[in-house]
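**Student:** One structure follows; several queries about it will come next.
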Amino acid sequence: MQASCAQKANMGILTDATTNHHVRAGLRLNMAKRFLDQLAKVPEDELSKDSLCMICHRDYGTDSADVAVRLPCNHHVGLECISTWLSPDKRDCKNSCPMCRRVFFDVINEEDEEEYRREVLRRVGQPPQEGHAQGDNPRWYGYFLEAAAEQYQESLTRARAFLVRNTRGRDAVEREERFRLSYPTLEDMESHIANQATAFRTLAVREVMLYFELGRDGFLPPLVGHIRPLNAEQLEALFRELQRRGAFEPDLHPFEHYEELTDDQMWLLHREEGESFSTEEGGYWSLSLA
Numbered sequence: 001m002q003a004s005c006a007q008k009a010n011m012g013i014l015t016d017a018t019t020n021h022h023v024r025a026g027l028r029l030n031m032a033k034r035f036l037d038q039l040a041k042v043p044e045d046e047l048s049k050d051s052l053c054m055i056c057h058r059d060y061g062t063d064s065a066d067v068a069v070r071l072p073c074n075h076h077v078g079l080e081c082i083s084t085w086l087s088p089d090k091r092d093c094k095n096s097c098p099m100c101r102r103v104f105f106d107v108i109n110e111e112d113e114e115e116y117r118r119e120v121l122r123r124v125g126q127p128p129q130e131g132h133a134q135g136d137n138p139r140w141y142g143y144f145l146e147a148a149a150e151q152y153q154e155s156l157t158r159a160r161a162f163l164v165r166n167t168r169g170r171d172a173v174e175r176e177e178r179f180r181l182s183y184p185t186l187e188d189m190e191s192h193i194a195n196q197a198t199a200f201r202t203l204a205v206r207e208v209m210l211y212f213e214l215g216r217d218g219f220l221p222p223l224v225g226h227i228r229p230l231n232a233e234q235l236e237a238l239f240r241e242l243q244r245r246g247a248f249e250p251d252l253h254p255f256e257h258y259e260e261l262t263d264d265q266m267w268l269l270h271r272e273e274g275e276s277f278s279t280e281e282g283g284y285w286s287l288s289l290a
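At position 145 of the sequence shown the residue is numbered 145 (the UniProt record's numbering), and the sequence of numbers has no breaks.
This is the structure we're talking about:
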């Protein structure tokens with residue numbers, strides 16, 4: 001006897017409609033981010049003294065209006081406000097100019113949804129085959145895809161925020177602008193963000209792999225039981241072994257932001273950046289899975 005929709009919801013199993021909702025929300029978020037990343041800042045000398053954000057009706061430079069950007073229809077609006085306006089997290093999220101209602105990007109179709117599904121699974125991983133699901137779990141694929149899409153979007157958001165935060169600038173607005181202008185194309189920026197997001201998602205796995213590799217000669221306590229992310233003691237042991245092997249030597253850290261950092265600080269920075277150590281070619285720090 002098949003479970004009802006309510007029973008499936010109680011078991012944490014998604015219906016096709018729910019899965020499609022999450023897929024569309026994730027895809028819409030990607031489309032909104034792509035649109036926002038292409039908006040140009042309006043120079044202050046082009047704004048009149050009484051210019052207000054059309055959404056919050058406040059002066060530019062305040063908490064909500066922050067910086068003015070120009071929409072394709074030539075109207076200007078606060079970047080933070082238009083970001084919220086387009087957010088798929090809002091029930092009444094919009095897809096057009098608040099003033100003239102010009103549509104910014106197309107309605108999502110089935111082809112877009114399928115392409116987004118493939119991208120999520122390519123970046124996050126394939127689920128177990130649906131036939132392997134047990135008992136009353138016929139929607140395993142939908143559940144996996146929803147969870148994967150959520151993880152994928154969270155990692156993209158974290159990666160973008162991290163990269164902007166590490167861009168030189170006097171304040172958050174200038175860092176954001178310099179970050180967007182530092183890439184020759186939007187595709188280059190999206191690729192960099194996606195790679196950084198992958199590094200964040202896979203760091204725990206790469207550290208376990210590194211622990212196994214460095215522990216072959218007996219200098220690290222053996223991992224027993226089920227394989228899981230390293231605990232605090234194991235991370236400390238891994239750090240000490242990396243120290244012993246010279247992983248924090250100056251010749252492996254030729255960049256300015258590593259100057260005058262202690263080994264502990266370098267270790268924390270590498271982990272914050274999603275980097276793990278490779279023992280190949282004399283050793284180097286990298287985002288790579290290789």
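The beta-carbon is built from N, C-alpha and C at its ideal position, and this holds for glycine as well.
State the DSSP-derived secondary structure class of L287, mapped to helix, strand or coil.
**Tutor:** Coil at L287, not helix or strand.
**Student:** Less than 8 Å between the beta carbons of V67 and V173, yes or no?
**Tutor:** In contact: V67 and V173 (Cβ atoms closer than 8 Å).
**Student:** Spatial neighbours of W267 within its chain, please: CB distance less than 6 Å, with the 5 preceding and 5 following residues excluded, ordered by chain position.
**Tutor:** If we look at W267 and ignore the five residues flanking it on each side, its Cβ neighbours are F239.
**Student:** Using only CA atoms, which one of Q196, G78, P222 and E44 lies nearest to C56?
**Tutor:** Closest by alpha carbon: G78.
**Student:** Just curious, the beta strand (DSSP E) that A247 is in, first and last residue?
**Tutor:** It is not in any beta strand (DSSP E) - A247 carries neither H nor E in the DSSP assignment.
**Student:** Going straight from the alpha carbon of C81 to that of F255, what length do you get?
**Tutor:** Using only the alpha carbons, I get a separation of about 37 Å.
**Student:** Tell me which residues share the same chain as L39 and place their Cβ nearer than 8 Å to its Cβ, disregarding the 5 neighbours each side in the sequence.
**Tutor:** Closer than 8 Å at Cβ, skipping near neighbours: V69, R70, L71, L79 and I82.
**Student:** With burial defined as no fewer than 16 other Cβ atoms inside 10 Å of the residue's Cβ, what is the status of N95: buried or exposed?
**Tutor:** The residue in question, N95, is buried, as its Cβ has 16 or more Cβ neighbours within 10 Å.
**Student:** Would residue 291 pass as a contact of S155 if the rule is Cβ separation under 8 Å?
**Tutor:** Past the edges of the chain, shown from 1 to 290, lies residue 291, and the structure says nothing about it.
**Student:** Is it buried or exposed for A232, if we count other Cβ within 10 angstroms and need 16 for buried?
**Tutor:** Per the 10 Å Cβ criterion, exposed.
**Student:** Which residues mark the beginning and the end of the alpha helix (DSSP H) in which F219 is found?
**Tutor:** Per DSSP, F219 belongs to no alpha helix (DSSP H) and is neither H nor E.
**Student:** Determine which residues share a DSSP beta bridge with A40 and list them.
**Tutor:** BP columns for A40 point to R70.
**Student:** Taking just the CA atoms, how far does R102 sit from L287?
**Tutor:** About 41 Å.
**Student:** Please check the pair A237 and G283, which I expect to be a contact at CB under 8 Å, by giving their CB distance rounded to whole angstroms.
**Tutor:** Rounded, the Cβ-Cβ distance is 18 Å, inconsistent with contact.
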